[in-house]
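**Student:**
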């Protein structure tokens, strides 16, 4: 979460927090679950923002459609099904390049990988965003990808299981 900067020293690029603060929808899983933070935590937050811009939906106020309980689940579901145009904010659909939007979604999904070591560095992410010729690594299911039935009870039990393991 970008708000974490207030808690840590200027030269401190990673560490362990004794208390968890921040905005849930933007916090990396390693921080939420274990209190570990690093530059890769910022990459995670940035990835969420990319996905929010493309979908027009907020991670912190996400109301899933279908089986998706989180923004990352929603994006992943459409990515796997090849229906990214259906999840895009309608205000950007017209006049945009689907190839470029698809690339941005791919980069966003790379940024929200559960394993921080699978997330790109800041430098490589900037390179990927600024060049269409750089090949992107394969993306796998993102963190906090919770898919279940459309009842609120099954979402909350799935979330509980994810956080308790």
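Residue numbers (the working numbering): 11 to 175.
Just so you know, even glycine gets a beta-carbon here, dropped at the ideal spot from N, CA and C.
Would you check if the distance between the CB atom of residue 136 and the CB atom of residue 144 is smaller than 7 Å?
**Tutor:** As a first step, residue 136 is located in the chain shown; it is residue number 126 there, counting from the start. As a first step, residue 144 is located in the chain shown; it is residue number 134 there, counting from the start. Going by C-beta atoms, residue 136 is not nearer than 7 Å to residue 144.
**Student:** With 16 as the cutoff for other CB atoms within 10 Å, does residue 68 come out buried or exposed?
**Tutor:** By one-based count along the chain shown, residue 68 stands at place 58. Label assigned to residue 68: exposed.
**Student:** Grouping DSSP H, G and I as helix and E and B as strand, with all else coil, what is residue 2?
**Tutor:** It is not possible to answer for residue 2, since the shown part of the chain is limited to 11 through 175.
**Student:** Going by C-alpha to C-alpha distance, which of 55, 126, 93, 109 sits closest to residue 36?
**Tutor:** Start at 1 with the first residue of the chain shown, and residue 36 comes out as number 26. Comparing Cα positions, the closest option is 55.
**Student:** Between the C-alpha atoms of residue 146 and residue 128, what's the straight-line distance to the nearest angstrom?
**Tutor:** What you label residue 146 is simply residue 136 of the chain shown in a count that begins at 1. What you label residue 128 is simply residue 118 of the chain shown in a count that begins at 1. Answer to the nearest angstrom: the Cα atoms are 12 Å apart.
**Student:** Around the Cβ of residue 80, are there at least 16 other Cβ atoms within 10 angstroms (buried) or fewer (exposed)?
**Tutor:** The residue labelled residue 80 in the question sits at position 70 within the chain shown. By the 10 Å Cβ count, residue 80 comes out buried.
**Student:** Determine, using beta carbons only, whether residue 59 and residue 115 come nearer to each other than 7 Å.
**Tutor:** As a first step, residue 59 must be located in the chain shown, where it is residue number 49. As a first step, residue 115 must be located in the chain shown, where it is residue number 105. No, the pair does not count as a contact, with Cβ atoms beyond the cut-off.
**Student:** To the nearest angstrom, report how far apart residue 41 and residue 126 are at their CA atoms.
**Tutor:** Taking the chain shown and counting its residues from 1, the one referred to as residue 41 is at position 31. Taking the chain shown and counting its residues from 1, the one referred to as residue 126 is at position 116. About 10 Å.
**Student:** Just the Cα atoms here: how many angstroms apart are residue 104 and residue 83?
**Tutor:** Numbered from its first residue, the chain shown carries residue 104 at position 94. Numbered from its first residue, the chain shown carries residue 83 at position 73. Approximately 25 Å, taken between the alpha carbons.
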